[in-house]
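Peer 1: For the sequence shown, my numbering begins at 47 and goes up steadily by one. Backbone N, C-alpha and C fix where the C-beta goes; we use that ideal spot for every residue, glycine too.
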Amino acid sequence: MKATIWHNPKCGTSRKTLAILENLSKVDVEVIEYLKDPPTADKLAQLYKDAGLTPNEGLRIRGTDAAERGLPDADAQTVLEAMVADPILIERPLVETDKGVRLCRPQDTVLEIL
């Protein structure tokens with residue numbers, strides 16, 4: 047099975063999720079450090095749709111200026127554009143497999159798609 051994780055190595059939850067993936071021999075893990083290589087707005091929209099989330103639900107509030115920018119109340123396209131321009135606004139980690147996508151908070155959520 048292949049799994050892609052949109053990862054921030056400075057985030058403890060992201061590191062724990064990656065460790066779960068790497069410890070399973072049946073999983074081929076692709077790691078994308080999204081702060082260095084952010085997804086496109088279309089890719090983010092697809093990830094959130096497949097996870098059953100809105101872009102606003104995938105918005106990182108803690109440690110960002112999202113609230114000051116009015117993003118929690120903004121429309122989905124505005125949120126996606128802000129995330130692409132400033133990827134720190136993307137809540138992490140997102141994991142995609144053939145079985146679906148999850149925002150892995152807490153990290154054990156990843157087990158639902160393995």
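Do residue 130 and residue 86 come within 8 Å of each other at the CB atom, strictly closer than that value?
Peer 2: Taking the first residue of the sequence shown as position 1, residue 86 is located at position 40. Taking the first residue of the sequence shown as position 1, residue 130 is located at position 84. Yes, they are a contact pair.
Peer 1: Closer than 8 Å is the cut-off here; do at least three beta carbon pairs connect the segment 103-123 with the segment 134-144?
Peer 2: Look at the beta carbons and you see the segment 103-123 touching the segment 134-144: at least three pairs across the two are nearer than 8 Å.
Peer 1: Please report how far the alpha carbon of residue 118 lies from the alpha carbon of residue 124, in whole angstroms.
Peer 2: For the purposes of this step, residue 118 is identified with residue 72 of the sequence shown, where counting begins at 1. For the purposes of this step, residue 124 is identified with residue 78 of the sequence shown, where counting begins at 1. The C-alpha of residue 124 is placed about 10 Å away from the C-alpha of residue 118.
Peer 1: Which stretch, first to last residue, makes up the beta strand (DSSP E) that contains residue 148?
Peer 2: Taking the first residue of the sequence shown as position 1, residue 148 is located at position 102. Taken as a continuous stretch (DSSP letters only), the beta strand (DSSP E) holding residue 148 covers 146-149.
Peer 1: Go ahead and label residue 71 buried or exposed: buried means 16 or more other beta carbons lie within 10 angstroms of its beta carbon, across all protein chains shown.
Peer 2: For this step, residue 71 is matched to residue 25 along the sequence shown. Classification for residue 71: exposed.
Peer 1: Quick test of your reading: residue 76 and residue 55, contact by CB under 8 Å. State the CB separation rounded to the nearest angstrom.
Peer 2: If you number the sequence shown from 1, residue 76 lands on position 30. If you number the sequence shown from 1, residue 55 lands on position 9. Actually they do not touch by this definition, with Cβ atoms about 15 Å apart.
Peer 1: Assuming residue 48 contacts residue 153 (C-beta within less than 8 Å), just tell me the rounded distance between them.
Peer 2: Position 2 of the sequence shown, counted from the first residue, corresponds to residue 48. Position 107 of the sequence shown, counted from the first residue, corresponds to residue 153. Between residue 153 and residue 48 the Cβ distance is about 19 Å, and since that is not below 8 Å, they are no contact.
Peer 1: Of the residues 60, 101 and 159, which one's Cα is nearest the Cα of residue 91?
Peer 2: The count along the sequence shown starts at 1 and reaches residue 91 at position 45. That would be 101, whose Cα lies nearest to the Cα of residue 91.
Peer 1: Report buried or exposed for residue 65, applying the criterion of at least 16 other Cβ atoms within 10 angstroms of its Cβ.
Peer 2: Locating residue 65 in the sequence shown gives position 19, where the first residue counts as 1. The residue is exposed, with fewer than 16 neighbouring Cβ atoms inside 10 Å.
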